[in-house]
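This report concerns only the one structure given below.
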Amino acid sequence: MQSSNEPSFRESVDIMFNRAVALMDLPPGLEEKIRVCNATYTVRFGVRLRGKIQTFTGYRSVHSEHMEPVKGGIRYSLGVNQNEVEALAALMTYKCSLVEAPFGGSKGGLCIDPREYDDHELELITRRFAYELIKRDMINPAQNVPAPDMGTGEREMAWIADQYKRMNTTDINGVACVTGKPTNAGGIQGRTEATGRGVQYALHAFFRDPQGLEKAGLSGKLKDKRIVVQGLGNVGYHAAKFLSEEDGCKITAIIERDGALHDEGGLDVQAVYDWIGKHGTITGYPNSKLEKDGAKLLELDCDILIPAALEGVINLSNADRIKAALIIEAANGPVTAGADEILRDKGCVIVPDMYANAGGVTVSYFEWVKNLSHIRFGRMQRRQEESRHQLVVDELERLSADSGIGWQLSPDFKEKYLRGAGELELVRSGLDDTMSTAYQSMADVWHGRDDVKDLRTAAYLVSITKVAASYRAKGL
Ligand code: NAD
């Protein structure tokens, strides 16, 4: 529970922004121009469902148009409100700038619990919401490009893209009006996993930074690190799966909306995910005991805490009991401004949301570029790359035979080396490069300036500097 003297999500983002700009030398007035949200559109619309008209409230907020289109997800949740979408839109501006995705920041939301509606009803609601936004150019490949967020996924994005095409039949770039689509509807491979994959790459980057590790009081490799994850949705599931299956981490607790599972030996992420998929709840999962008060496990002794559900979960009421050495903010805004200060004083290192969950928008950027170029990544190069590699392999084998040395290339090496990169490999490579470059830019400021005590302030500094430069280039 958040206490009443906690700032709102929007205020929390502003407090963190202000802390960073206090260390910068921006021209008078520019600081406010960057901080404020340019516009928020509220729409109320009716859909006839179950024999009566039901009215829904939705939002699309545009934080900064220093680059266009603006970009940001659409969230379906009962918690959606103007304050929340504006905070999330602001974070999108800073996030895109930090990872050099050429977009301004935006966010949308619909105040709805999607679990209360069947597929057909959700399609009607989504198409009607999309219609309201499209007719005002708030969904448009050149102006405003949404993506999935909490409560939405590929399916909703496919409906939105189709609705746009119906209303703009001659727009050849229409499919680029939204990202996160299924691959058979103009999507890109690796988008669904992207945010969780980005969290994994962010941790790889952190574990390559000895100074960062020292500040967090961690040592060694990722393998066997004990991790607590909150929220086994799109982001949390992929992050937990990759970290446990590929990096050998132990997921010691999974916290969901209706309780939490705890096993110091490590939980089987896929089995828990499958159980939730089948039963709609974490309750009853046979292989470990259920803690009813799930949020309590945020305070578990662990190396890394990954809040991947919603904002404000680490706040003034629990911050001083958090024991994790490192928190990586897979969700947006999981740590309030007040908690951030308490944790910083305790020496806990926080990898901030604007960086940690930027994998989603990074791969969305790749998808948008793919849609505008109308060609799959790798289509022109793959075979050519494979033939050049074949030449090298043939030549090595010939030299080995001719010289009588008799070396053999292992079949595994040959198989890997000869395979040209397809779309998924290219997307993962682009994402890894983005996360690694962005981490370095933050770490340079974090370790290089005495007045910068934490990664979040460093992230804001890097990002605001770029936004300010782009305003200056526009003559503002
Ligand atoms: P999702 O809807 O797929 O998953 C959210 C999960 O959190 C669900 O499993 C839900 O049951 C669980 N949850 C909800 N309330 C909870 C509570 N009180 N305690 C514990 N668990 C709870 O959403 P998502 O797309 O994974 O998004 C999660 C977070 O990541 C959000 O903050 C979102 O803004 C952020 N994010 C998502 C993306 C993306 O690409 N999907 C990109 C960037 C950031």
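The numbering of the sequence shown is the numbering used here, which starts it at 1140 and goes up by one. For glycine and all other residues, C-beta sits at the position ideal for the given N, C-alpha and C.
Asked                                                                                                                                                            : Found
Is it buried or exposed for Ala1315, if we count other Cβ within 10 angstroms and need 16 for buried?                                                            : buried
Going by the DSSP bridge assignment, what does Leu1615 pair with across the sheet?                                                                               : Note: Leu1615 sits in no beta bridge, so no partner.
Over what stretch of residues does the alpha helix (DSSP H) that includes Ala1300 continue unbroken?                                                             : 1293-1306
For Leu1565, which residues of its own chain have a beta-carbon under 6 Å away from its beta-carbon, when the five flanking residues on both sides are left out? : Phe1516, Gly1517
With which residues is Gly1211 paired in a DSSP beta bridge?                                                                                                     : Pro1285
Can you tell me the Cα-Cα spacing of Ala1540 and Gln1547, whole angstroms?                                                                                       : 9 Å
So, do the stretch 1204-1214 and the stretch 1279-1293 have three or more beta carbon pairs nearer to each other than 8 Å?                                       : yes
Is Val1367 near Leu1272, with beta carbons less than 8 Å apart?                                                                                                  : no
Can you look up Ala1607 in the DSSP assignment and give me helix, strand or coil?                                                                                : helix
For Asn1144 and Leu1227, I'd like the C-alpha separation in whole angstroms.                                                                                     : 21 Å
Taking 7 Å as the cut-off, is the beta-carbon of Leu1371 closer than that to any non-hydrogen atom of ligand 1?                                                  : yes
Is it true that the stretch 1227-1245 meets the stretch 1600-1607, where meeting means three or more beta-carbon pairs spaced less than 8 Å apart?               : yes
In the structure shown, what three-state DSSP assignment does Asn1279 receive?                                                                                   : strand
What ranges does the alpha helix (DSSP H) occupy inside the stretch 1484-1524, keeping only unbroken runs of at least 4 residues that lie completely in it?      : 1492-1495, 1498-1512
Rounded to the nearest angstrom, what separates Ala1392 and Leu1406 at their Cα positions?                                                                       : 7 Å
For Ser1216, name the three-state secondary structure that DSSP assigns.                                                                                         : strand
With DSSP as the reference, label Leu1465 as helix, strand or coil.                                                                                              : strand
Does the beta carbon of Ile1461 fall short of 7 Å from some heavy atom of ligand 1?                                                                              : no
Applying the criterion that 16 or more other CB atoms from any shown protein chain within 10 Å of the CB defines a buried residue, is Thr1659 buried or exposed? : Beyond the ends of the chain as shown, which are 1140 and 1615, falls residue 1659; an answer cannot be given.
With DSSP collapsed to three states, give me the class of Arg1330.                                                                                               : coil
For Thr1334, is the beta carbon positioned less than 7 Å from some heavy atom of ligand 1?                                                                       : yes
Could you have a look at His1401 and say whether DSSP puts it in helix, strand or coil?                                                                          : strand
What does a CB cutoff of less than 7 Å around Arg1267 pick up in its chain, not counting 5 residues either side in sequence?                                     : Phe1184, Val1186
Measuring CA to CA, which of Ala1597, Gly1419, Glu1403 is closest to Lys1428?                                                                                    : Glu1403
On the DSSP letters alone, give me the boundaries of the alpha helix (DSSP H) that His1202 sits inside.                                                          : His1202 -> not in any alpha helix (DSSP H); beta strand (DSSP E) instead, spanning 1191-1203.
Can you find a heavy atom of ligand 1 that lies under 7 Å from the Cβ of Val1490?                                                                                : no
CB Leu1437 to CB Glu1430, shorter than 8 Å?                                                                                                                      : no
When the Cα of Lys1613 is compared with those of Ala1324, Ser1200, His1205, Pro1167, which residue comes out closest?                                            : His1205
Going by the DSSP bridge assignment, what does Tyr1180 pair with across the sheet?                                                                               : Arg1199
Name the one or two DSSP bridge partners that Ala1392 has.                                                                                                       : Val1367, His1401
Is it the case that the Cβ atoms of Ile1390 and Ala1379 are separated by a distance below 8 Å?                                                                   : yes
Residue range of the beta strand (DSSP E) that Pro1446 falls in?                                                                                                 : 1443-1446
How far does the beta strand (DSSP E) with Glu1430 in it extend, from its first residue to its last?                                                             : 1428-1430
Indicate whether Val1374 and Gly1335 have their beta-carbon atoms separated by less than 8 Å.                                                                    : yes
Along the chain, where does the beta strand (DSSP E) that runs through Gly1416 open and close?                                                                   : That residue, Gly1416, is in no beta strand (DSSP E); its alpha helix (DSSP H) goes 1408-1418.
Closer than 7 Å: is that where the CB of Leu1449 sits relative to any heavy atom of ligand 1?                                                                    : yes
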